[in-house]
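Q:
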Amino acid sequence: MLFLLDCDRYTFSMFVVVGLIIAFVLVAVFSNRATRLCRWRERRKDGVSTWTCVHCGAQVPGAIGQPPRECHWPDAQARR
Numbered sequence: 184m185l186f187l188l189d190c191d192r193y194t195f196s197m198f199v200v201v202g203l204i205i206a207f208v209l210v211a212v213f214s215n216r217a218t219r220l221c222r223w224r225e226r227r228k229d230g231v232s233t234w235t236c237v238h239c240g241a242q243v244p245g246a247i248g249q250p251p252r253e254c255h256w257p258d259a260q261a262r263r
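First residue of the sequence shown? That's 184 in our numbering, and the numbers climb one at a time after it.
(1) Would you identify the three-state DSSP class for Gly202, choosing helix, strand or coil?
(2) Compare the Cα-Cα distances from Pro250 to each of Thr194, Trp256, Arg222, Lys228 and report the closest residue.
(3) If you follow the beta strand (DSSP E) that Arg224 is part of, which residue opens it and which one closes it?
(4) Are the CB atoms of Thr233 and Pro244 within a distance shorter than 8 Å?
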């Protein structure tokens, strides 16, 4: 940490840029590929939550405030 206090602005900015690149790569590697394209929208009615995927149209019941963790693409294809 003391090294960062002694470096000039260019060196410090390079550390920031490299840190952001590393963070982006880690997020890309460890993100869940099963739901990468899924964009869930929640509809609540009478204490029951129904989740709809904007990407594929799948609809699944679920807990309030907790989107599904897996893709339901085959379920959506079977209903079409």
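Here a beta-carbon is modelled for each residue, glycine too, at the ideal position from N, C-alpha and C.
A: In short, the structure shows the following:
(1) Counted from its first residue, the sequence shown places residue 202 at position 19. Note: Gly202 maps to helix in three-state DSSP.
(2) On the sequence shown, position 67 is the one that residue 250 refers to. The shortest Cα separation from Pro250 among Thr194, Trp256, Arg222, Lys228 belongs to Arg222.
(3) Residue 224 sits at position 41 when you count from the first residue of the sequence shown. Residues 223 to 228.
(4) To locate residue 244, count along the sequence shown from 1; it is residue 61. To locate residue 233, count along the sequence shown from 1; it is residue 50. Against a cut-off of 8 Å, the Cβ pair of Thr233 and Pro244 comes out as a contact.
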